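Numbering (our numbering) for the sequence shown: 43 to 182.
We put the CB at the ideal spot given by N, CA and C, even for glycine.
All values derive from a computational prediction rather than experimental measurement.
I have placed the structure first, in the form of structure tokens, so that the comments after it can refer back to it.
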Amino acid sequence: FYRRCWEVIHASDNPEPMTHCFGTTAVASMQKFPFYSCDSTSWLRMATNGSIILPDNNSYLVSNVSKGKKDHIDSDPLLREAVKEVVEGYGFNFDLMQQSEGVFTEATIERLRFNAFSFIKQAEAYEYMGPDTFVKRGLF
């Protein structure tokens with residue numbers, strides 16, 4: 043879909059517009075197509091549902107409310123320690139993140155802060171890798 047959109051844009055009278063991608067921040071899509079900006083609420087939804095997103099774009103279910111689920115981070119102690127080290131290395135409180143889910147809890151706010159931080163780190167590391175036929179003007 044994106045490829046066809048960009049082919050139409052590229053063939054138009056304005057082949058280099060500042061194009062916004064609504065509702066997606068998928069790193070692979072952003073690297074393949076020259077969007078000027080993008081947005082999504084995935085970082086928000088994930089935090090309120092007990093998950094965090096690392097700057098490398100991997101996500102992990104951390105809330106203790108979901109403990110016992112097969113994809114919960116505590117199901118793999120080595121992974122849990124590695125993720126905790128990354129989170130705390132950036133100055134965030136991993137143990138707080140593991141507390142209850144909900145919109146206005148301290149745990150959710152800590153997950154929200156971390157997820158927003160991770161998206162900023164992703165934006166800083168962003169590199170357009172799409173075809174040269176599409177002109178890349180910036181992202182964010």
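Proximity of the stretch 88-97 to the stretch 143-157 meets the contact definition, three or more beta-carbon pairs being nearer than 8 Å. Residue environment analysis places A124 among the exposed positions, since fewer than 16 neighbouring C-beta atoms fall within 10 angstroms of its C-beta. Following the DSSP letters along the chain, one finds I51 inside the alpha helix (DSSP H) bounded by residues 44-53.
The Cβ atoms of Q164 and P97 lie closer than 8 Å to each other.
Excluding five sequence positions before and after A149, the CB atoms of its chain that fall closer than 8 Å to its own CB belong to S105, L138, M139, Q140, Q141, S142, E143, given in chain order.
With a 10 Å radius around the Cβ and a threshold of 16 neighbouring Cβ atoms, H62 comes out exposed.
Residue environment analysis places S93 among the buried positions, since at least 16 neighbouring C-beta atoms fall within 10 angstroms of its C-beta.
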